[in-house]
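Report on one structure; see the data block that follows.
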Amino acid sequence: MRDTTAPDDRAPRHCCACGRETSAAVPVSAIDRVSGPPVLVYACPDDAPHLIPRPTPGELIRRRA
Ligand SMILES: [Zn+2]
């Protein structure tokens with residue numbers, strides 16, 4: 069079994085938001101599959117900040133506690 073948590077970061081990926089191919093893709097989410105390991109969804113550095121869910125104020129408070 070391959071370790072899906074260590075993808076090949078050097079491989080160019082297509083941004084899921086703008087469709088551009090980027091070698092600096094950032095994984096923004098993972099799609100669970102029944103028949104195999106989760107598929108990571110990538111975005112370019114420009115789009116990634118808009119796609120990564122930010123913690124809510126409530127979550128921040130809980131993490132500090
Ligand atoms: Zn993009």
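Taking the numbering used here, I'd label the letters of the sequence shown as residues 69 to 133. All C-beta atoms in this analysis are idealised placements derived from N, C-alpha and C, irrespective of residue type, glycine included. Just so we're clear, the structure is a prediction, and the values are computed from it rather than from any experiment.
Other residues of its chain near residue i: CB distance less than 6 Å, five sequence neighbours each side excluded
i: Cys112; result: Cys83, Arg88, Thr90
i: Pro95; result: Leu108, Tyr110
i: Arg81; result: Ala93, Tyr110
7 Å Cβ shell around residue i - same chain, five flanking residues per side excluded
i: Ile99; result: Pro106, Val107, Val109
Cα-Cα separation between residue i and residue j, rounded to whole angstroms
i: Ala116; j: Pro123; result: 15 Å
i: Pro121; j: Val102; result: 24 Å
Exposed unless 16 or more other CB atoms sit within 10 angstroms - verdict on residue i
i: Ala79; result: exposed
i: Ala93; result: buried
Exercise. Would you list the residues whose beta-carbon is nearer than 5 Å to any heavy atom of ligand 1, in the order they occur in the chain?
Key: For ligand 1, residues qualifying as neighbours are Cys83, Ala85, Cys86, Cys112, Asp115, where qualification means a beta carbon closer than 5 Å to at least one of its heavy atoms (chain order).
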